[in-house]
Amino acid sequence: MTYLSRLGYLLGVEGVALLRGIRDGTGDRAFVEARLAEIRELLADPALRDADDLDAAPDGISTDEVYDGWAAHYDGPNSMIELEQPLVRDIVAGLPVGTALDAACGTGRHAGYLAGLGHRVIGVDANARMLAVAATKLPELDLRRGMLDALPLDAGSVDLVVCGLALCHVPDLGPVFAEFARVLRPGGHLVVSDLHQLLSYLRPTLPRAPGPDGRPTILVEYHRPLSAYLTVALAHGFQLRHCAEPHRADRPERPSPRPPMPTEVGWELLDQIPEAAALALDVPSIVLLHLQLPAD
Numbered sequence: 001m002t003y004l005s006r007l008g009y010l011l012g013v014e015g016v017a018l019l020r021g022i023r024d025g026t027g028d029r030a031f032v033e034a035r036l037a038e039i040r041e042l043l044a045d046p047a048l049r050d051a052d053d054l055d056a057a058p059d060g061i062s063t064d065e066v067y068d069g070w071a072a073h074y075d076g077p078n079s080m081i082e083l084e085q086p087l088v089r090d091i092v093a094g095l096p097v098g099t100a101l102d103a104a105c106g107t108g109r110h111a112g113y114l115a116g117l118g119h120r121v122i123g124v125d126a127n128a129r130m131l132a133v134a135a136t137k138l139p140e141l142d143l144r145r146g147m148l149d150a151l152p153l154d155a156g157s158v159d160l161v162v163c164g165l166a167l168c169h170v171p172d173l174g175p176v177f178a179e180f181a182r183v184l185r186p187g188g189h190l191v192v193s194d195l196h197q198l199l200s201y202l203r204p205t206l207p208r209a210p211g212p213d214g215r216p217t218i219l220v221e222y223h224r225p226l227s228a229y230l231t232v233a234l235a236h237g238f239q240l241r242h243c244a245e246p247h248r249a250d251r252p253e254r255p256s257p258r259p260p261m262p263t264e265v266g267w268e269l270l271d272q273i274p275e276a277a278a279l280a281l282d283v284p285s286i287v288l289l290h291l292q293l294p295a296d
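Structure, rendered in structure tokens:
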């Protein structure tokens, strides 16, 4: 079980802020003393010290179950998508029009844009409810249910693959990049985005709906350094065209949409330590890669 302690999380953020202040040279005496005073206040706060925090099972819910519950709300406001989507679109807008695969297409947010550029678009996703939303929005697209490590496409059948914010759900990148390389034609392009490892460690952990035993659960995700993506991509013949680790301008004031189980362990918790949070969470939010296979 993972114990989700509000006090423990806030103290962790304070610690990261202190370390960053020392390393960055921005932690003067006033800053350090303010952090230490704030830590003492947190430790003395009975609302935090005596809080009924949560034990959550780290593997009590599947990715498919989470997206079943999220499908109807996925297209609502989402600060991560608001950062990622324009960056992906900037890359694909400059590529030749052909046949494009939106891998892990979800509700079709990238697929619809690719179709608007003139591509013949195939969308693949493992979740039936997400695909149903995509089919309602984009009835003209070729939508297929399938896994990233077993794409339902012929070899050498597409010119472009886009995979947005999905690889954190994949335990092993190797088979997935092998599939990307298999379905792409020589000279084909791959654009990948994913949640950045640093932000994944620092953002609040949100419990999902209760598992079979009635306890809160946490979705298992796989967070990797940038080198992990590049090592696998290069091993499968891809060449790097562009790499970025963009920051989000600010954090969301509330999780959107709210998780199925309301909880105080969310972004709003950081309102108690705004100065420490601003420094500690000033990290890259996503990894963005543009890769290409060599032409024959």
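Under UniProt numbering, the first residue of the sequence shown carries the number 1, and numbering increases by one thereafter. Every residue gets a Cβ at the ideal spot worked out from N, C-alpha and C, and that includes glycine.
List the whole-angstrom C-beta distance separating residue i from residue j, where the pair is believed to meet the contact cut-off of C-beta under 8 Å.
i, j, result
"Asp172", "Arg129", "In fact, because the Cβ distance is near 25 Å, the residues do not count as touching under 8 Å."
"Leu160", "His119", "7 Å"
"Ala72", "Asn127", "In fact, because the Cβ distance is near 12 Å, the residues do not count as touching under 8 Å."
"Val16", "Ala280", "4 Å"
Is it buried or exposed, residue i, if we count other Cβ atoms within 10 angstroms and call 16 or more buried?
i, result
"Pro46", "exposed"
"Gly25", "exposed"
"Ile22", "exposed"
"Ala278", "exposed"
"Arg254", "Low local confidence applies: a pLDDT of 46 at Arg254 is under 50, so the model's placement there is unreliable, with the coordinate-based value given in what follows. Exposed, since its Cβ has fewer than 16 Cβ neighbours within 10 Å."
"Gln292", "buried"
"Arg40", "exposed"
"Leu48", "buried"
"Asp28", "exposed"
"Val121", "buried"
"Asp90", "exposed"
"Ser193", "buried"
"Ser227", "exposed"
"Asp50", "exposed"
Could you pull the DSSP bridge partners for residue i from this structure?
i, result
"Thr26", "According to DSSP, which records beta bridges pairwise, Thr26 is partnered with nothing at all."
"Leu120", "A small fix is needed here, since residue 120 is Arg in this sequence, not Leu. BP columns for Arg120 point to Thr99."
"His189", "Leu160, Gln292"
Let me make sure I understand the geometry here. Which of the options has the alpha-carbon closest to that of residue i?
i, options, result
"Gly164", "Pro77, Cys105, Val170", "Cys105"
"Pro139", "Gly118, Gly146, Gly112, Ala150", "Gly112"
"Asp271", "Glu38, Gly27, Leu18", "Glu38"
"Leu198", "Glu268, Arg49, Asp282", "Asp282"
"Glu56", "Leu101, Phe31, Leu4, Leu43", "For clarity, residue 56 is Ala in the given sequence; the question names Glu instead. Cα-wise, what sits closest to Ala56 is Leu4."
"Phe238", "Asp194, Asp213, Arg185", "Arg185"
"Ser62", "Ala181, Asp149, Pro210", "Pro210"
Any idea what DSSP makes of residue i, helix, strand or coil?
i, result
"Tyr74", "coil"
"Ser285", "coil"
"His110", "helix"
"His169", "helix"
"Tyr222", "coil"
"Leu143", "strand"
"Gly237", "coil"
"Thr63", "helix"
"Glu248", "It is Arg, not Glu, that sits at residue 248 in the sequence shown. Looking at Arg248 - three-state DSSP - the assignment turns out to be coil, as it is neither helix nor strand."
"Thr205", "coil"
"Ala51", "coil"
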